[in-house]
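For the sequence shown, the working numbering assigns the number 373 to the initial residue and increments by one for each residue that follows.
Where is the CB? At the ideal position from N, CA and C, for every residue including glycine.
Contents: one structure, followed by commentary.
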Amino acid sequence: MLPEAAKAETKEGLEAFAQYWYSTLSYAYETGDTSPMDEISGTGCANCDEAKKVIANWNSGGRWLEGGKITTPAIETTFKVASDGNYQVIVQVQQSEIRAYKSDGSQSDSVIPASDVAQIFMANRSPKGWQLADVQRLNG
């Protein structure tokens with residue numbers, strides 16, 4: 373559930389919203405359930421769609437993912453609206469290793485190593501509050 377702090381149309385509210393959004397992405401990797409993330413994400417985020425595709429693919433036919441917990445040790449925004457109407461947040465995103473398992477319980481050769489990257493998180497205000505517009509990796 374979206375924390376009260378993440379509802380405020382303030383710098384702190386936007387940073388809390390970004391942190392909450394990443395917690396829903398972490399939850400999706402850990403459980404296969406992308407619905408909490410979908411509720412606060414707009415359409416048109418190609419990286420979001422790609423993550424959802426990978427998560428859905430590996431959580432079907434008795435297969436599953438293990439790991440992938442996401443933490444966000446640094447989140448910062450100037451809280452200024454960009455020319456595209458979005459607010460930008462710079463986020464340090466750390467994700468633990470992800471292991472994939474086949475329906476027979478054996479581990480797949482697919483292992484995604486742990487990562488520590490900077491991302492730009494773009495959000496805007498909708499009638500329902502903050503909404504993710506797009507998220508991209510910085511410098512690559």
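Rounded separation between residue i and residue j - CA only
i, j, result
"residue 506", "residue 491", "10 Å"
"residue 478", "residue 383", "46 Å"
"residue 376", "residue 466", "24 Å"
"residue 396", "residue 409", "5 Å"
"residue 502", "residue 484", "30 Å"
"residue 464", "residue 489", "6 Å"
"residue 373", "residue 482", "32 Å"
"residue 401", "residue 459", "26 Å"
Proximity to residue i [Cα-Cα], best of the options
i, options, result
"residue 444", "374, 381, 487, 413", "487"
"residue 420", "394, 475, 376", "394"
"residue 453", "427, 469, 495", "495"
Cutoff 7 Å; reference residue i; Cβ partners in own chain excluding five residues on either side
i, result
"residue 475", "433, 434, 435"
"residue 480", "472, 473, 474"
Same chain, Cβ closer than 8 Å to residue i, five either side skipped, listed in chain order
i, result
"residue 387", "447, 448, 449, 461"
Contact under 8 Å by Cβ, residue i with residue j
i, j, result
"residue 417", "residue 504", "yes"
"residue 398", "residue 440", "yes"
Whole runs of the beta strand (DSSP E) within the stretch 429–463, excluding any shorter than 3 residues
The qualifying runs are 436–439, 442–453.
Please list the segments of the alpha helix (DSSP H) lying wholly inside the stretch 390–414, counting only runs of 4 or more residues, in order along the chain.
Within the stretch 390–414, complete alpha helix (DSSP H) segments of at least 4 residues are found at 407–411, given in chain order.
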